[in-house]
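J.: Residue numbers for the sequence shown, in the numbering used here: 1408 to 1477. The structure follows.
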Amino acid sequence: MNKAKRFTINHTNQNVWIPNKHLLNDGTIKYGENIDYVFRKAQRQLEIAGYTGPIVGIKRSTLTTHGINK
1408 MNKAKRFTIN
1418 HTNQNVWIPN
1428 KHLLNDGTIK
1438 YGENIDYVFR
1448 KAQRQLEIAG
1458 YTGPIVGIKR
1468 STLTTHGINK
């Protein structure tokens, strides 16, 4: 039996794995579950997928005017 389910990011080939303990049988996240750690661990996948928003608990490098990390 699988211990986690794979979810793609922004319709790209980048993905994150969310442990089943945080999911209902249909794959939706249980109410009140804190899965921030999953996305903190997947910083590079988020960056490659084009996500530039803030992630709780992570300091990101400042973006230049061209959107490229320093």
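Every residue, glycine too, gets a C-beta built ideally from N, C-alpha and C. Keep in mind that this is a model prediction, so the values were computed, not measured.
Any idea if L1431 is buried or exposed, counting beta-carbon neighbours within 10 angstroms, 16 or more meaning buried?
T.: Burial call: exposed.
J.: Output yes or no for whether 8 Å exceeds the beta carbon distance between R1447 and I1425.
T.: Cβ distance not < 8 Å, so R1447 and I1425 don't count as in contact.
J.: By Cβ distance, which residues of its chain are closer than 7 Å to Y1458, with the 5 residues on each side in sequence left out?
T.: Here the set comprises I1416 and N1417.
J.: Would you report the Cα separation of K1428 and I1442, rounded to the nearest angstrom?
T.: Whole-angstrom Cα-Cα distance: 10 Å.
J.: Nearest CA to the CA of Y1444: which residue from Y1438, V1423 and G1434?
T.: The shortest Cα separation from Y1444 among Y1438, V1423 and G1434 belongs to V1423.
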